[in-house]
Amino acid sequence: MRLKDKVAIITGAAQGIGKRTAEIFAREGAKVVIADFDAEAGQKLADSLEDAIFVKVDVSKSESANEMVKKAIDKYGKLDILVNNAGITKDGWMVKMTEEQWDQVIDVNLKGVFNCSQPAAKQMMEQGEGVILNATSIVGLYGNIGQTNYAASKFGVIGMTKSWAKELSPKGIRVNAVAPGYTMTAMMETVPDKVLDNLRKGNPLGRLGQPDDIANAYLYLASDEASYVNGLVLSVDGGQVLGS
Ligand SMILES: NC(=O)c1ccc[n+]([C@@H]2O[C@H](COP(=O)([O-])OP(=O)(O)OC[C@H]3O[C@@H](n4cnc5c(N)ncnc54)[C@H](O)[C@@H]3O)[C@@H](O)[C@H]2O)c1
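For the sequence shown, this note's numbering assigns the number 245 to the initial residue and increments by one for each residue that follows.
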């Protein structure tokens, strides 16, 4: 087991990539905190795993994020891994994007990562070790039409990842990011079939990502096998950009 007795918080774990990550972490022996604002799906997942709890959180609110970390520590006594996976899209052309669309995406995807990492890092510094993993995106490396707010948030996540890798590693905390390519989850439901087909055709591997592909990257980075990996942005996209 690659995460035996590690305590991991995974935000946005009620569905999609976060859910699969929680299942794989649990399979590898971790005690998992399913953190999401979808209480029904989150609790159901927690009930299905060997040793897991559900914690309702809105990552965009610092008080809620602080409470999430406190509940994890109250339950399990320590915190080894934080996966900042929660994220949303509110797409629109830049010239038509509303202030609300901008604020919502920045609040969850960028500020949310900061809100959760701050209390987690304080705990990990006390312990002298820990791992923080952040969800960026292919869009956080290359930008995308209609995703000004999302791209800004995901570029920002890379900035925080690299800053924290420098700031926190002397305290024993490794910080890395995963940049998924287009991955088949609910987030992709609004993308028209024709666009999905083109993305598939443009990918050297001829397919889009599955939650497993991304969850396995988190597993590697969370495990001791990655003990010398710090400040990395790991693209998991089938080589999508090579094909475009
Ligand atoms: N699916 C993709 O193609 C893709 C590609 C690149 C990056 N990503 C990133 O991976 C992460 C997961 O994506 P996904 O496709 O699994 O998404 P998803 O929409 O399937 O799941 C996101 C989860 O986050 C939760 N969530 C949303 N806002 C929240 C908040 N404020 N507080 C707590 N929980 C909240 C939702 O309830 C949901 O369970 C996101 O950060 C996303 O940006 C996804």
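Note that the Cβ used here is the ideal one computed from N, Cα and C, for glycine as well.
Span separating the alpha-carbon of residue i from that of residue j
| i | j | result |
| --- | --- | --- |
| L293 | E267 | 7 Å |
| S413 | G384 | 23 Å |
| W337 | E272 | 42 Å |
| E469 | T427 | 25 Å |
| N442 | K334 | 22 Å |
| S381 | E307 | 26 Å |
| Y386 | G483 | 13 Å |
| R451 | L440 | 9 Å |
| C360 | P436 | 33 Å |
| K415 | G372 | 6 Å |
| K340 | A274 | 44 Å |
| P363 | Q345 | 27 Å |
| L354 | V419 | 15 Å |
| I475 | T405 | Looking at the sequence provided, one finds Gly at residue 475 rather than Ile. Taking the straight line from one Cα to the other gives about 6 Å. |
| Y394 | Q454 | 20 Å |
| W217 | M432 | Residue 217 lies beyond the residue range present for the chain, which begins at 245 and ends at 488; the question has no answer from this structure. |
| K319 | R444 | 43 Å |
Inter-residue CB distance, residue i and residue j (contact presumed, cutoff 8 Å)
| i | j | result |
| --- | --- | --- |
| A285 | A258 | 4 Å |
| I417 | M368 | 5 Å |
| G425 | D351 | Actually they are not in contact, since the Cβ atoms of G425 and D351 sit about 25 Å apart, beyond 8 Å. |
| L247 | S471 | No, L247 and S471 are not in contact; Cβ-Cβ is about 13 Å, not under 8 Å. |
| N328 | V357 | 4 Å |
| A330 | G390 | The pair is not a contact, with the Cβ atoms about 21 Å apart (cut-off 8 Å). |
Cut-off 7 Å between Cβ atoms - residues of its own chain near residue i, not counting five sequence neighbours on either side
| i | result |
| --- | --- |
| A290 | I278, A296, I297, F298 |
| I402 | T380, G384, A421, V477 |
| I458 | I261, V422, P424, T427, V480 |
| S397 | V349, I350, N353, L354 |
| F399 | G384 |
| L323 | V251, I253, V313, A316, I317, A364, Q367, M368, G374 |
| Y462 | T265, V327, L377, V422 |
Residue i Cβ short of 7 Å to ligand 1 heavy atom set
| i | result |
| --- | --- |
| V301 | yes |
| G482 | no |
| P414 | no |
| V352 | yes |
| M432 | yes |
| Q371 | no |
| G475 | no |
| F281 | yes |
| A274 | no |
| A330 | yes |
| Q259 | yes |
| A379 | yes |
| I382 | yes |
| G356 | yes |
| S467 | no |
| Y320 | no |
| Y426 | yes |
Neighbourhood of residue i by C-beta, 6 Å cutoff - its chain only, sequence neighbours within 5 removed
| i | result |
| --- | --- |
| L486 | P448 |
| I253 | V277, A279, A316, L326 |
| L465 | L377, N420 |
| Q287 | F298 |
Neighbourhood of residue i by C-beta distance below 8 Å, restricted to the same chain and skipping five residues each side
| i | result |
| --- | --- |
| D282 | A258, Q259 |
| K305 | N359 |
8 Å Cβ cutoff, residue i in contact with chain C
| i | result |
| --- | --- |
| W346 | Included in the structure is just one protein chain, with no chain C present. |
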